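Chemist: Dumping the structure here so I can ask a few things about it.
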Amino acid sequence: MKKIVIAIDGYSGTGKSSTAKQVAAGLGYTYIDSGAMYRAVTYFFLQEGIDFSDDNQVNNSLKNCNISFDGPSIFLNGEDVDHQIRTMKVNQNVSQVSAISEVRKKLVEQQRRMGEAKGVVMDGRDIGTIVFPKAELKVFMTADMDVRAERRRKELAKKGIKEDLETIKANLEKRDKIDSTRADSPLKKADDAKEIDTSHLTLNQQIDKIVEMAESIIYEG
Ligand code: DC
């Protein structure tokens, strides 16, 4: 059966990751959370006390930063960092780190290698535009800010992290701005991406829509 690459981009809190994960499971594909990779680098820099604005520090430190996946879990230099990369501290710094070209270069190379064999669903901000511009299916997800903030609040609460809605909203707005205005690979919809507004969709509806789109490409020949 034909294998394809599915690129899912969009703003934070639109349900990209949960959707992408389930779409991959439904199709028997590998799910790759590219945002987790930027988060892992951010966590590493914070641990190492790296000054993000110092190119030398950034480049030297990147050499010692090894990211890998084992199923859905992400490892930083062999340590499982699934939980450590989801804190507000990382949320507050990840957009600055992901605007650094050297960081993007390293991670995009690794992402392309992971997608070489196809049969992958990758979500992020530049997957359909930069990482896999030839992906067979590109989806761009949006949702109202209030819906996105409430989703993020619930997600954090599930992990035992209490954060008020206004702080979350302010963080999302700030990240949207940095992500979509940065010079290198800004967040934007690829011309050939299908846009899905998830404000009034359930997770299952989002998943079904994308699986349907994927299957029509996979079985069309
Ligand atoms: O999807 P997320 O919220 O976990 O992503 C965290 C940050 O990483 C987000 O603010 C922007 C950045 N990112 C990126 O620049 N490019 C990607 N492909 C994925 C994420």
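By this note's numbering, the letter at position 58 of the sequence shown is numbered 287, and the numbering carries on one by one without gaps. For each residue, glycine too, the CB sits at the ideal point set by N, CA and C. This structure is a prediction, so every number in the text was calculated from the model and none was measured.
#1: Quick one: complete alpha helix (DSSP H) runs, 4+ long, within the stretch 242-279?
#2: If I'm right that K367 touches A443 with Cβ under 8 Å, what's the distance once you round it to whole angstroms?
#3: I need the straight-line Cα distance from S302 to V310, nearest angstrom please.
#4: Cβ-heavy atom distance between S324 and the ligand DC below 8 Å?
#5: Give the straight-line distance between the Cα atoms of V376 and L394, rounded to the nearest whole angstrom.
#6: Just mark E340 as buried or exposed, buried being the case when its beta carbon has 16 or more other beta carbons within 10 Å.
#7: Determine the extent of the beta strand (DSSP E) in which L366 is found, giving its start and end residues.
#8: Could you check how far apart the C-beta atoms of S414 and R342 are, in whole angstroms? I think they sit under 8 Å.
#9: Is R382 a contact residue of the ligand DC, with contact defined as CB to any heavy atom under 8 Å?
#10: Classify T410: buried if its beta carbon has 16 or more other beta carbons within 10 angstroms, exposed otherwise.
#11: Of the choices I237, K231, G242, D420, whose alpha-carbon is the least far from that of M175?
#12: What are the residues that DSSP puts in a beta bridge with M351?
#13: What does DSSP give as the partner residue(s) for S414 in the beta ladder?
#14: First and last residue of the alpha helix (DSSP H) that includes L305?
#15: Go to I425, then tell me how far its beta strand (DSSP E) extends in each direction, as first and last residue.
Modeler: Reading it off the structure:
#1: With a minimum length of 4 residues, the continuous alpha helix (DSSP H) runs that stay inside the stretch 242-279 are 245-256, 263-277.
#2: The pair is not a contact, with the Cβ atoms about 11 Å apart (cut-off 8 Å).
#3: In this structure, the straight-line span from the alpha carbon of S302 to that of V310 is close to 8 Å.
#4: Judged by the Cβ position, S324 qualifies as a neighbour of the ligand DC at the 8 Å threshold, a heavy atom of the ligand being closer than this.
#5: V376 and L394: Cα-Cα distance of roughly 11 Å.
#6: Reading off the sequence shown, one finds Gln at residue 340, where the question assumed Glu. Buried, because 16 or more other Cβ atoms sit within 10 Å of the Cβ of Q340.
#7: Its beta strand (DSSP E) spans residues 366-371.
#8: Separation of the CB atoms of S414 and R342 is rounded to 18 Å, and the pair is thereby denied contact status at 8 Å.
#9: No.
#10: It is exposed - the Cβ of T410 has fewer than 16 other Cβ atoms within 10 Å.
#11: Outside the shown range of the chain, which is 230 to 450, sits residue 175, and nothing can be said about it.
#12: The secondary-structure analysis by DSSP pairs M351 across a beta bridge with A236, I261.
#13: In the DSSP assignment, S414 is bridged to no other residue.
#14: Counted as a single uninterrupted DSSP element, the stretch harbouring L305 is not any alpha helix (DSSP H) but the beta strand (DSSP E) occupying residues 302-305.
#15: Per DSSP, I425 belongs to the beta strand (DSSP E) from 423-426.
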